[in-house]
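Undergrad: Questions regarding the structure given below will be posed in turn.
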Amino acid sequence: MFNSTELFCLIDDFFLKFEATYWNFLKQSNRSLRIRTAHLTISEICFIAIWYKCSHFNNFKAFF
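For the sequence shown, full-length UniProt numbering assigns the number 1 to the initial residue and increments by one for each residue that follows.
As structure tokens, then:
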């Protein structure tokens with residue numbers, strides 16, 4: 001199993017490549033985009049969700 005730093009780096013590298021492709025796809029669809037800045041990046045949100053599922057906690061409040 002990965003430690004937390006390795007897992008976050010893998011997820012972050014994936015989303016750096018994915019987001020560029022995703023935004024290009026959205027721009028080509030000719031829809032109006034609402035771009036808002038978030039407090040957490042998508043890679044941080046996914047890391048927390050994956051790390052929670054790999055843990056042995058039964059509820060998210062106790063985990064976080």
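Heads up, the beta-carbon is just placed ideally off N, CA and C, and yes, glycines get one too.
Taking the C-alpha atoms as reference points, what is the distance between I11 and F57?
TA: 22 angstroms
Undergrad: Are the beta-carbon atoms belonging to I50 and L7 less than 8 angstroms from one another?
TA: yes
Undergrad: At which residue ranges does the segment 2 to 35 contain complete alpha helix (DSSP H) runs of 4 or more residues, listed in the order of the chain?
TA: Unbroken alpha helix (DSSP H) stretches of 4 residues or longer found wholly inside the segment 2 to 35: 4 to 28, given in chain order.
Undergrad: Would you tell me roughly how many angstroms separate the C-alpha atoms of R31 and S55, rounded to the nearest one?
TA: The alpha-carbon of R31 is positioned some 39 angstroms away from that of S55.
Undergrad: Give me the Cα-Cα distance between Y52 and T5, rounded to the nearest whole angstrom.
TA: The straight-line gap from Cα to Cα measures roughly 15 angstroms.
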